[in-house]
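*Asks:* 1 is the number of the first residue of the sequence shown in the UniProt record's numbering; add one for each residue after it.
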Amino acid sequence: MKVLIAIDSMKGSLTSLEAGEAAAEGVRRAWPDARVQVCALADGGEGTAETLIEALGGTRRSITVTGPLGEPVGCTYGIAGGTAVMEMASAAGLCLVDPERRNPLRTTTRGVGEMIRDALEQGCREFVIGIGGSATNDGGIGMLRALGWDFLDEEGNPVADGAAGLERLCRISADRALPTLRDCRFRAACDVKNPLCGPEGASAVFGPQKGADPETAERMDGWMRRYAALAQKAVPEADPREEGSGAAGGLGFALRTFLKAELEPGAKIVAEKTGIERGIRGADVVVTGEGRLDGQTAMGKGPGTVAAAAKRLGKPVIALAGSVAKDAGRCRDAGIDVWFPAVRGPVALEEAMKKENARENLADAAEQVFRLWRLAVGRKET
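#1: Taking 9 Å as the cut-off, decide whether the C-beta atoms of V38 and A6 are in contact.
#2: Thinking C-alpha only, which one of S173, L178, R187 is nearest Q232?
#3: By a C-beta neighbour count over all protein chains shown, 10 Å radius and 16 as the cutoff for buried, is N361 buried or exposed?
#4: Going by C-alpha distance, which of A319, E87, L56, Q368 is nearest T109?
#5: For S13 and I53, what's the separation of their Cα atoms in angstroms?
#6: Given this structure, state the Cα-to-Cα distance separating A334 from G132, to the nearest angstrom.
#7: Alpha carbons only, please: which of M1, K2, V3, M10 is nearest the one belonging to G291?
#8: By DSSP, does M88 sit in helix, in strand, or in coil?
#9: In the DSSP assignment, what residue or residues form a beta bridge with S173?
#10: T15 by DSSP, collapsed to three states: which one?
#11: Would you kindly work out how many angstroms separate the C-alpha atoms of P179 and C197, rounded to a whole number?
#12: Cα separation between V3 and A321?
#13: From residue 402 to A55, what does the alpha carbon distance come to, in whole angstroms?
#14: Do A160 and A92 have their beta-carbon atoms positioned less than 9 Å apart in this structure?
#15: In the DSSP output, what is L293 paired with across the bridge?
#16: Under 8 Å by Cβ, that's how I've got G78 and P265 pegged, so tell me the actual separation to the nearest angstrom.
#17: Answer with buried or exposed for T382, where buried requires no fewer than 16 other C-beta atoms within 10 angstroms of its C-beta.
#18: Quick one: measure Cβ to Cβ for G67 and V73, integer angstroms, because I've assumed they're closer than 8 Å.
#19: Select from L144, R332, A283 the residue whose C-alpha is nearest the C-alpha of T297.
#20: What residue range does the beta strand (DSSP E) around W339 cover?
#21: Between the Cα of C190 and those of L96, G252, D294, spot the shortest distance and give me the residue it belongs to.
#22: Kindly indicate which three-state DSSP category T83 falls into: helix, strand or coil?
#23: Please name the residue, chosen from A261, R278, T274, G222, that lies closest to L166 on a Cα-to-Cα basis.
#24: Within this structure, are the beta carbons of E336 and A309 separated by less than 9 Å?
#25: Hey, E242 and R187: beta-carbon distance below 9 Å or not?
#26: Measure the C-alpha to C-alpha separation of T305 and L147 and round it to an integer number of angstroms.
#27: Give the range of the beta strand (DSSP E) segment to which S62 is assigned.
#28: Is C197 helix, strand or coil by DSSP?
#29: Measuring straight from C-alpha to C-alpha, what distance separates A283 and S16?
#30: Is E50 buried or exposed, if buried means 16 or more other CB atoms sit within 10 Å of its CB?
#31: Measure the CB-CB distance between V112 and G142 and report whether it falls below 9 Å.
#32: Can you give the Cα-Cα distance for V97 and K268, rounded to whole angstroms?
#33: Using the Cα positions of R312 and G302, report the straight-line distance between them to the nearest angstrom.
#34: Once you ignore the five residues that flank P240 on each side, which residues in its own chain have a CB closer than 7 Å to its CB?
#35: Does M299 come out as helix, strand or coil in the three-state DSSP assignment?
#36: G26 and F370: beta carbons closer than 9 Å?
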């Protein structure tokens, strides 16, 4: 029996690899001679960088950058074999701004560019960047300024940081952009499909959660349209209508337009980097899961991506989860054949999420599933 286990992190409880190893322990209890492979899994959201660093055996590098409000913040990214793995939220995330201080007119992505610049100095030429959870709506100009681009007003002066800078933007210059960027490949883990502008764009959809009132969101959208037009003069193939351009307050547009980044589902990038599909090919059964299994699991999240790959290869898929929602039936559409909650009875959430309890529950659930599987296989063979 060959088992491939790829479980997403259970936020606040177990990392992806910790969850996978717990399930593997349960499988081996039930089937001591089973060959079990554990792969890390993430979908591009919070924890993706940490998952990849751990899975690829990378090193962590901690630096100080410009935070979303212009104040210094500490952030950490990973380096694995010449690849820098980072999350924009660690430098410009909503989590770094107290609710009463949220203001997309001021918040900047400059720290993201400073992270990239530091990784360039460490010799990295390939970048994987998770772009979820931003506090910004500056179209990515803060990031680009840190990498050498100039964003100038009518008098030729640098515009202000934040979305407010877009109001006065008249010219974009790449004359001082770092030449080493031409040798780099950027991949952005992005599950957002919004365009840059319009009713489904960055300002209208995400601006309010970052502190914008309806009037400010409308104004920012107008500035973003002009920014897109100026970007098209500099880079004719720039297309603000492309899916993902509105991600992270327009950072998706900046990455794609000026750094030639590929915007891809985060789970797809992680699966490729960790070799999940190769493991699936050699497995008899695939185990996946996450903290809460629900209808969203089938919508491009990690377990859904694993299940889809397994189905393409004709492999059965079992999911384990901390809890299972009523709409989990939609997971069958993603290829998950059967699922089981790891918690076996009423318990306070904080107790269920304690690392030792979550690990034990997951191992016990996996053990029972594979005892049943072994029994069924034994009967079939006789």
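Even glycine gets a Cβ: it sits at the ideal position worked out from N, Cα and C.
*Replies:* According to the structure data:
#1: Taking the sequence shown and counting its residues from 1, one reaches residue 38 at position 38. Taking the sequence shown and counting its residues from 1, one reaches residue 6 at position 6. In this structure, V38 sits near A6, with a CB-CB distance shorter than 9 Å.
#2: Locating residue 232 in the sequence shown gives position 232, where the first residue counts as 1. The alpha carbon of Q232 has as its nearest neighbour, out of S173, L178, R187, the alpha carbon of S173.
#3: For this step, residue 361 is matched to residue 361 along the sequence shown. Classification of N361: buried, given that the 10 Å Cβ count is 16 or more.
#4: Reading the sequence shown from its first residue, position 109 is the one you call residue 109. When each option's Cα is compared against that of T109, the closest is E87.
#5: The sequence position of residue 13 within the sequence shown is 13, counting from 1. The sequence position of residue 53 within the sequence shown is 53, counting from 1. Our two residues, S13 and I53, have alpha carbons roughly 18 Å apart in a direct line.
#6: Here residue 334 refers to the residue found at position 334 when the sequence shown is read from its first residue. Here residue 132 refers to the residue found at position 132 when the sequence shown is read from its first residue. Annotation: A334 to G132 spans about 23 Å, alpha carbon to alpha carbon.
#7: As a position in the sequence shown, residue 291 is number 291, starting the count at 1. The residue with the shortest Cα to Cα distance from G291 is M10.
#8: Walking along the sequence shown from the start, residue 88 turns up at place 88. It is coil, neither helix nor strand.
#9: Counting from 1 along the sequence shown, the entry for residue 173 is found at position 173. The partner list for S173 (beta bridge, DSSP) reads D150.
#10: Taking the first residue of the sequence shown as position 1, residue 15 is located at position 15. If DSSP states are grouped into helix, strand and coil, T15 belongs with coil.
#11: The sequence position of residue 179 within the sequence shown is 179, counting from 1. The sequence position of residue 197 within the sequence shown is 197, counting from 1. Rounded to whole angstroms, P179 to C197 spans 30 Å at the Cα level.
#12: The sequence position of residue 3 within the sequence shown is 3, counting from 1. The sequence position of residue 321 within the sequence shown is 321, counting from 1. When rounded, the distance between both Cα atoms is 17 Å.
#13: Past the edges of the chain, shown from 1 to 382, lies residue 402, and the structure says nothing about it.
#14: What you label residue 92 is simply residue 92 of the sequence shown in a count that begins at 1. What you label residue 160 is simply residue 160 of the sequence shown in a count that begins at 1. No.
#15: As a working mapping, residue 293 is identified with position 293 in the sequence shown. Residue pairing by DSSP puts L293 in a beta bridge opposite V324.
#16: One-based indexing of the sequence shown puts residue 78 at position 78. One-based indexing of the sequence shown puts residue 265 at position 265. Contact between G78 and P265 does not hold, since the beta-carbon distance rounds to 20 Å and is not under 8 Å.
#17: By 1-based counting over the sequence shown, the position of residue 382 is 382. Bear in mind that the predicted position of T382 carries a pLDDT of just 46, short of 50, making it too unreliable to give a figure here.
#18: Sequence index remark: in the sequence shown, residue 67 carries index 67 (1-based). Sequence index remark: in the sequence shown, residue 73 carries index 73 (1-based). Correct: roughly 4 Å between the Cβ atoms.
#19: If you number the sequence shown from 1, residue 297 lands on position 297. Residue R332 is the option with its Cα nearest to T297.
#20: Here residue 339 corresponds to residue number 339 of the sequence shown, with the count starting at 1. Per DSSP, the unbroken beta strand (DSSP E) holding W339 starts and ends at 338-341.
#21: In the sequence shown, counting from the first residue as 1, residue 190 sits at position 190. Closest option to C190, Cα to Cα, is G252.
#22: As a working mapping, residue 83 is identified with position 83 in the sequence shown. In the structure shown, T83 sits in a strand (DSSP, three-state: E or B).
#23: Here residue 166 refers to the residue found at position 166 when the sequence shown is read from its first residue. In terms of CA proximity to L166, G222 leads the group A261, R278, T274, G222.
#24: Counting from one through the sequence shown, the residue named residue 336 turns up at place 336. Counting from one through the sequence shown, the residue named residue 309 turns up at place 309. Note that residue 336 is Ile in the sequence shown here, rather than Glu. No; because the gap between Cβ atoms is not below 9 Å, this pair is not in contact.
#25: Taking the sequence shown and counting its residues from 1, the one referred to as residue 242 is at position 242. Taking the sequence shown and counting its residues from 1, the one referred to as residue 187 is at position 187. Contact: no.
#26: Taking the first residue of the sequence shown as position 1, residue 305 is located at position 305. Taking the first residue of the sequence shown as position 1, residue 147 is located at position 147. Taken atom to atom, the span from the alpha-carbon of T305 to that of L147 is near 34 Å.
#27: Translated into positions along the sequence shown, residue 62 becomes position 62. Note, S62: beta strand (DSSP E), 59-66.
#28: By 1-based counting over the sequence shown, the position of residue 197 is 197. If DSSP states are grouped into helix, strand and coil, C197 belongs with coil.
#29: Locating residue 283 in the sequence shown gives position 283, where the first residue counts as 1. Locating residue 16 in the sequence shown gives position 16, where the first residue counts as 1. Per the coordinates, the alpha-carbon of A283 lies some 19 Å from the alpha-carbon of S16.
#30: Stepping through the sequence shown from its first residue, residue 50 is reached at position 50. Residue burial is scored here from C-beta neighbours: E50 has at least 16 other C-beta atoms within 10 angstroms and is therefore classed as buried.
#31: As a working note, residue 112 is residue 112 in the sequence shown. As a working note, residue 142 is residue 142 in the sequence shown. Going by C-beta atoms, V112 is nearer than 9 Å to G142.
#32: Residue numbering aside, residue 97 sits at position 97 when the sequence shown is read from its first letter. Residue numbering aside, residue 268 sits at position 268 when the sequence shown is read from its first letter. Taking C-alpha positions only, V97 is separated from K268 by approximately 30 Å.
#33: Here residue 312 is taken as the residue at index 312 of the sequence shown, counted from 1. Here residue 302 is taken as the residue at index 302 of the sequence shown, counted from 1. Just so you know, the alpha carbons of R312 and G302 end up roughly 16 Å apart.
#34: Looking up residue 240 in the sequence shown gives position 240. The residues are P195, L196, C197, A228, F253.
#35: As a position in the sequence shown, residue 299 is number 299, starting the count at 1. Reduced to three states, the DSSP call for M299 is coil.
#36: Taking the first residue of the sequence shown as position 1, residue 26 is located at position 26. Taking the first residue of the sequence shown as position 1, residue 370 is located at position 370. A contact, by the Cβ cut-off of 9 Å.
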